[in-house]
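Visitor:
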Amino acid sequence: MTKYIVTSNRLVGYEPGDVIDGNDLDGANIDALIEGGHISTQSERKSAKTKTIEIED
Amino acid sequence: MATSVYLSNPTVTINSVALTDQCTSATINYVYEQLETTAFGDTARKFGGAAVTSLQNNSVEVELYQSYAASETEATIYGLVGITTNIVIAPASGAASSTNPTYTLTGAYLESHTPINASLGELSTITLTFSGGVLTKAVS
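Protein chains in written order, with this note's numbering: chain H, 8 to 64; chain Z, 1208 to 1347.
1) CB-CB under 6 Å to L18/H, same chain, minus the five flanking residues each way: which ones, in chain order?
2) I'd like the span of the alpha helix (DSSP H) that includes T1280/Z, first residue to last.
3) In whole angstroms, what is the alpha-carbon distance linking S1300/Z and F1254/Z?
4) When burial is assigned at 16 or more other CB atoms within 10 Å of the CB, is I1221/Z buried or exposed?
5) In terms of residues, what are the limits of the alpha helix (DSSP H) holding D28/H?
6) Does the CB of G7/H have a neighbour CB from chain Z at under 9 Å?
7) If you check the beta carbons only, do Y1239/Z and T1218/Z fall under 9 Å apart?
8) Threshold first: 3 residues or longer. Then list the beta strand (DSSP E) segments lying entirely within the region 1268-1330 of chain Z, N to C.
9) Under a Cβ-count criterion, where at least 16 other Cβ atoms within 10 Å of its own Cβ denotes burial, should L1226/Z be classed as buried or exposed?
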């Protein structure tokens, strides 16, 4: 099931940053919540992988 | 002793979004359509009856201050036009109880919205009517 990140402080019962799914939004219209900026389908960004390269002179 | 109700802090939730602090008015109309059951032999008109269950025809009307800021009124309402959603209204914040019944209208349809409703020198407000849906009352 698709996960959503809460992005506003108006979603009842949740705080910004909480991760929820459709079952948590009992009967709410998910598209309207996304359009309104209350939840987002974007996952949290992972930090970029770093690779160390040693160069010998 | 008679009691009166002065609602200053009801809670209003539309599509799981708390809009209490933008709301100035809320009305729930709880309706079962009237079906006539008068028959020969009756001396007065009758409506409904133990064996007759009519359709609910509920509606909720709310008045909100308009706000175009992020996650506020316009952002929440605009995407609801033409679809169904849930409305939750209670006389006060806190848990549902017999003295704070929570009313939920499930599957209510928002037909129209006025994104711009402005007059010079006045705060912009919008009035929304959600129609249809099943109304339930929770007291615990």
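For each residue, glycine too, the CB sits at the ideal point set by N, CA and C.
Fair warning: this is a prediction, and the values are worked out from it, not measured in the lab.
Guide: The relevant details are as follows:
1) Hits under 6 Å: H45.
2) Where T1280/Z is concerned, the enclosing alpha helix (DSSP H) starts and stops at 1280-1284.
3) Going by the C-alpha atoms only, they are around 37 Å apart.
4) By the beta-carbon neighbour count (other beta carbons within 10 angstroms, threshold 16), I1221/Z is buried.
5) In the DSSP annotation of this structure, D28/H is not part of any alpha helix (DSSP H); the continuous beta strand (DSSP E) holding it starts and ends at 26-28.
6) Since the first and last residues shown for chain H are 8 and 64, residue 7/H lies out of range.
7) No, they are not a contact pair.
8) Runs of the beta strand (DSSP E) lying entirely within the region 1268-1330 of chain Z and spanning at least 3 residues, in chain order: 1291-1297, 1309-1317.
9) Counting every other CB atom within 10 Å of its CB across the protein chains shown gives L1226/Z a total of 16 or more, marking it as buried.
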